[in-house]
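Residue numbering for the sequence shown follows our numbering, beginning at 62 and increasing consecutively.
Ideal Cβ positions, reconstructed from N, Cα and C, are used throughout, including at glycine.
From a predicted model like this one, the values you see are computed outputs, not experimental measurements.
These notes are about the structure you will find just below.
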Amino acid sequence: MILDVTEATFEAEVLLKSHELPVVVDFWAAWCGPCRQLTPVLEDAARAREGQVVLAKVDTDANPGLSQTFRIQGIPAVKAFRDGHVADEFVGAKPPAEVKRFFDALVPSEAQRLVAAGDEASLRRAIELEPARADARVALARLLRGRGEDDEALALLDNAVGNFAAEGLAARIRLERAEDLDLAEAFAALDAGDHERAVDALIAAIPSADGAKDDLRRVVVAVLDELGVEHPLARAARRRLAAALY
Numbered sequence: 062m063i064l065d066v067t068e069a070t071f072e073a074e075v076l077l078k079s080h081e082l083p084v085v086v087d088f089w090a091a092w093c094g095p096c097r098q099l100t101p102v103l104e105d106a107a108r109a110r111e112g113q114v115v116l117a118k119v120d121t122d123a124n125p126g127l128s129q130t131f132r133i134q135g136i137p138a139v140k141a142f143r144d145g146h147v148a149d150e151f152v153g154a155k156p157p158a159e160v161k162r163f164f165d166a167l168v169p170s171e172a173q174r175l176v177a178a179g180d181e182a183s184l185r186r187a188i189e190l191e192p193a194r195a196d197a198r199v200a201l202a203r204l205l206r207g208r209g210e211d212d213e214a215l216a217l218l219d220n221a222v223g224n225f226a227a228e229g230l231a232a233r234i235r236l237e238r239a240e241d242l243d244l245a246e247a248f249a250a251l252d253a254g255d256h257e258r259a260v261d262a263l264i265a266a267i268p269s270a271d272g273a274k275d276d277l278r279r280v281v282v283a284v285l286d287e288l289g290v291e292h293p294l295a296r297a298a299r300r301r302l303a304a305a306l307y
């Protein structure tokens, strides 16, 4: 739904409506060049989520009271409302990809909802809709690996280059296939959630793992990325990983 909102209708069409659906408000003016660039992008994003989000357009020249209330200092200004309050916002014309991410944070896309469902059929459909979705590829690859379908899992992960989780899972599959490496204890610890023991064992295996050092690095990096840069284990392990590699 796309509609024009005034000071008289703002409470009903934005504040009250936002208790039912997210409402994205586009503060604009006819003289504003960047507004003319952004508004069609916002409208396209709203139409793609018909029934899930409302786009409300406020002419700041005609509604100065709203500009003052929401402290609009530059336009275009975009504010997303949930439950009567501003949930997110940005200022200035943004490219379509950034606008899409802004809307996705408010209203999950069909592919996001399918990934959240997590079953095989949903994950395959998510990849059909958005082939570049690394989270769908990783989740489906984990299901396939659990069934022993490693080749298909690797094929899926090969198309998620640059994603640490994907690279780490692919590396693990290759390492599990290696006949000259015994990493069963490390992977058992990883599966049990004992990240410290798993990382210690994987790093310890690097010096003698000719030809497999990079895959060991990928698995460790994936674990540390999942933990986050501020995790104490991640900070210490990165130093030890670098020392083992170089």
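Assigned secondary structure, residue i (DSSP; H/G/I helix, E/B strand, else coil)
i: V119; result: strand
i: H256; result: helix
i: E150; result: strand
i: L64; result: strand
i: D144; result: coil
i: V160; result: helix
i: A221; result: coil
i: D271; result: coil
i: K155; result: coil
Contacts around residue i, its chain only, beta-carbon distance under 7 Å, and the 5 residues preceding and following it disregarded
i: V75; result: V66, V84, V86, A117 and F142
i: R235; result: D276
Among the options, nearest to residue i - alpha-carbon criterion
i: D308; options: L184, G254, L82 and A253; result: What is shown of the chain runs 62 to 307, which leaves residue 308 out entirely.
i: V147; options: G254, R238 and H80; result: H80
i: A178; options: A197, A73, V168 and E210; result: A197
i: R110; options: L167, D252, E287 and R97; result: L167
i: R97; options: T70, R278, L64 and G153; result: G153
i: V160; options: G223, H292 and D105; result: D105
Cut-off 8 Å between Cβ atoms - residues of its own chain near residue i, not counting five sequence neighbours on either side
i: T100; result: D87, W89, K118 and P137
Pairwise C-alpha distance: residue j and residue i
i: L204; j: L230; result: 12 Å
i: A172; j: V114; result: 17 Å
i: A310; j: W92; result: One cannot answer for residue 310 here, as it falls past the ends of the chain, which runs 62 to 307.
i: T70; j: A158; result: 31 Å
i: A200; j: E72; result: 42 Å
i: G94; j: F248; result: 56 Å
i: E68; j: G126; result: 7 Å
i: G272; j: R278; result: 12 Å
i: L103; j: I188; result: 25 Å
i: L242; j: L285; result: 22 Å
Sequence-distant residues of the same chain with beta carbon closer than 6 Å to residue i, five excluded per side
i: R186; result: L175
i: F151; result: V139
Residues bridged to residue i [DSSP beta-bridge criterion]
i: F88; result: V119 and A138
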